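Adding 2 to a residue's 1-based position in the sequence shown gives its number in this note's numbering.
Notes to accompany the following structure.
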Amino acid sequence: MPAHGSERLTGDALAEQPRRQEGAALSERTRQEAREIIARYPQPRSALLPMLHLVQSEEGYVSAEGITLCAEELGLTKAEVGAVATFYTMYRRKPAGEYHVGVCTNTLCAVLGGDEILASVKDHLGIGHNETTEEGRISLEHIECNAACDYAPVVMVNWEFYDNQTPASTRDLVDACRDGNPPPPTRGPDSLCTFRQASRVLAGFRDGRGSEGVQAGPPTLVGLEIAKQRGDSAPAYDAAPPPAAPEKPAAPEKES
Ligand code: FES
Numbered sequence: 003m004p005a006h007g008s009e010r011l012t013g014d015a016l017a018e019q020p021r022r023q024e025g026a027a028l029s030e031r032t033r034q035e036a037r038e039i040i041a042r043y044p045q046p047r048s049a050l051l052p053m054l055h056l057v058q059s060e061e062g063y064v065s066a067e068g069i070t071l072c073a074e075e076l077g078l079t080k081a082e083v084g085a086v087a088t089f090y091t092m093y094r095r096k097p098a099g100e101y102h103v104g105v106c107t108n109t110l111c112a113v114l115g116g117d118e119i120l121a122s123v124k125d126h127l128g129i130g131h132n133e134t135t136e137e138g139r140i141s142l143e144h145i146e147c148n149a150a151c152d153y154a155p156v157v158m159v160n161w162e163f164y165d166n167q168t169p170a171s172t173r174d175l176v177d178a179c180r181d182g183n184p185p186p187p188t189r190g191p192d193s194l195c196t197f198r199q200a201s202r203v204l205a206g207f208r209d210g211r212g213s214e215g216v217q218a219g220p221p222t223l224v225g226l227e228i229a230k231q232r233g234d235s236a237p238a239y240d241a242a243p244p245p246a247a248p249e250k251p252a253a254p255e256k257e258s
């Protein structure tokens with residue numbers, strides 16, 4: 003995950019940051035950090051996506067107040083910001099749980115049991131797609147693809163991978179999250195952060211954990227290994243400049 007900005011927080015330091023209380027206004031710190039994000043880009047409006055993650059890191063979702071903050075800082079209308087926030091599924095319109103669980107049922111996961119996992123977790127938690135358990139610990143999302151098809155069926159919690167799941171292992175996973183004691187992800191960091199902490203990383207404020215754990219595992223690298231054994235190599239890159247664009251046809255003359 004690319005990271006910028008002057009602040010570099012570890013997971014522990016993040017946990018010590020004062021959090022927004024329910025019903026309180028977004029903090030002045032949020033506004034200052036939004037300005038840090040804007041300063042990374044030549045065009046201010048390019049900062050909108052990470053700013054929405056920043057708002058989510060404070061509130062667990064993108065609230066009307068968060069939309070107003072982004073609009074004010076970027077000189078956009080609230081309608082423009084709202085259109086972006088409602089287009090991308092990673093922005094929540096209702097508070098996410100502390101642990102946001104995404105179950106993939108796209109092609110490969112479906113073939114290997116993703117639909118059974120989703121049905122089982124829905125039943126176990128008593129919530130459906132885009133809903134949150136009453137105590138606020140778990141939210142559930144039906145995901146189209148977690149981009150981890152080589153480990154299907156895959157479940158994500160706060161965008162970290164839990165590979166090769168079954169209905170039973172996923173029920174155990176959400177129970178552990180509900181108990182506040184989630185197991186470490188199969189790949190990536192050594193422990194699981196909360197949804198708000200993950201949102202802060204997505205806003206570009208590094209947590210210093212980007213190189214922890216397994217990155218690309220054997221199933222991801224199997225094609226590369228086969229290519230190496232066969233002595234395959236990629237064709238040379240053609241550095242020739244691209245052909246010039248065809249000239250536009252002349253506009254027809256107007257009849258007088
Ligand atoms: S199909 Fe499930 S991760 Fe791609």
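By construction, the Cβ of each residue, glycine as well, lies at the ideal position given by its N, Cα and C atoms.
What you are looking at is a predicted structure, and each value in this text was computed from that prediction instead of being measured.
| Asked | Found |
| --- | --- |
| Alpha-carbon spacing of residue 127 relative to residue 74, whole angstroms | 39 Å |
| Option nearest residue 58 by Cα separation, candidates 224, 170, 209, 196 | 196 |
| Distance cut-off 7 Å: residue 109 Cβ against heavy atoms of the ligand FES | yes |
| Collapsed DSSP secondary structure at residue 129 in the structure displayed | coil |
| 4 or more residues per run - each alpha helix (DSSP H) lying fully within the stretch 25 to 83 | 30 to 40, 50 to 61, 66 to 76 |
| Cβ-based neighbour list, residue 83, same chain, cut-off 7 Å, excluding 5 preceding and 5 following | 50, 69, 72, 73 |
| contact_flag[the stretch 186 to 194, the stretch 153 to 171] where n(CB pairs < 8 Å) is 3 or more | yes |
| Cβ shell of residue 2 (< 6 Å), same chain only, five flanking positions each side left out | Given a span of 3 to 258 for the chain in the structure shown, any question on residue 2 remains unanswerable. |
| Closest by C-alpha distance to residue 144, when choosing among 136, 229, 122, 254 | 122 |
| Separation of residue 80 from residue 41, as counted between CA atoms | 21 Å |
| Close beta carbons around residue 179, own chain, < 7 Å, minus the five adjacent residues each side | 101, 139, 140, 159 |
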